Amino acid sequence: MRYPKLRELKEAIVSLVTPPATTKFPYKPHIPAPAFRGKPVVNDAECVGCLTCSNVCPSGAITVSDDAVQKIRTITRDFGKCIFCGQCEAYCITAKGVILSHTIFDLSTFQKESLIEQQHKELIVCEHCGSVITTREHLHYIYDKLGTRAWSSLLTLRALNTRLQLAGEEETSTPPGDGLRRKDMFRILCPNCMRNIQVKLLL
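Under this note's numbering, the residues of the sequence shown are numbered 256 to 458, in order.
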């Protein structure tokens, strides 16, 4: 029979008297490191509903549904699927729409529904075909980024009327009823309808 080496005995004694290296979580609160990636926290005031986060989410935790009739975009975030990778924060176009929390990380629950959050944004839809263009906040964000260059877009000019009050609502809310014509270029139209008008002008 071979006896244990002195080194192995030392390791056993040290291990016996040394306290555990882990924390006492969940019995005591755990304070993560400053660079810890926790739950993504959405700032609704800074989020423009551009869909970038849903496009880059690798786990499919962010889904989007558009209601062109009610003109509402619903963004659903299922934190039960979220892996805290930080892609939504890294690619957010405003850099403030979503920020990873460094303290919120324990989302364990028996109620999966409590991990689902929804966000609603007003949509801008084409006045001719009804297709979705983008959210109103997204368009305003583009205008703020472009500055005076935004005036070169008829869509931007028309959609910003609600903020700038360039004309009365009764003067701008009449839908095109006689087909797409040159005058309809000043209405809110999707790129396809705007292209159809340009084609008619060239023919």
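We put the CB at the ideal spot given by N, CA and C, even for glycine. Everything numeric in this text was worked out from a predicted model, so none of it was measured.
(message) Nearest by alpha-carbon distance to residue 382: which of 303, 448, 332 is it?
(response) 448
(message) Taking 8 Å as the limit between beta carbons, can you name the residues of its chain near residue 309, skipping five residues before and five after?
(response) 317, 318, 319, 330
(request) Please determine if the segment 298-308 and the segment 272-285 are in contact, where contact requires at least 3 C-beta pairs separated by less than 8 Å. (result) no
(request) Could you check the C-alpha separation between residue 274 and residue 268 for me, to the nearest Å? (result) 12 Å
(request) With DSSP as the reference, label residue 285 as helix, strand or coil. (result) coil
(message) Just to confirm before moving on: does the CB-CB distance between residue 351 and residue 392 stay below 8 Å?
(response) no
(request) On a CA-only basis, which of 387, 332, 327 is nearest residue 369? Give me that one, please. (result) 332
(message) Which complete alpha helix (DSSP H) runs does the segment 336-388 hold, if anything under 4 residues is left out?
(response) 342-345
(request) Determine the contact status of residue 397 and residue 445, defining contact as a CB-CB distance below 8 Å. (result) no
(request) Could you tell me which residues DSSP puts in a beta bridge with residue 318? (result) 331
(message) What does DSSP give as the partner residue(s) for residue 390 in the beta ladder?
(response) 378
(message) I'd like to know whether the C-beta atoms of residue 357 and residue 295 end up nearer to each other than 8 Å.
(response) no
(request) Assign residue 384 to buried or exposed, taking buried as 16 or more other Cβ atoms, counted over all protein chains shown, within 10 Å of its Cβ. (result) exposed
(request) Quick one: using the 10 Å Cβ neighbour count with 16 as the cut-off for buried, is residue 338 buried or exposed? (result) exposed
(request) Can you grab the Cα-Cα spacing for the pair residue 313 / residue 266, in whole Å? (result) 44 Å
(request) Pull up the distance between the alpha-carbon of residue 367 and that of residue 349, whole angstroms please. (result) 30 Å
(request) Report the rounded CA-to-CA distance for residue 374 versus residue 400, giving the unit in angstroms. (result) 24 Å
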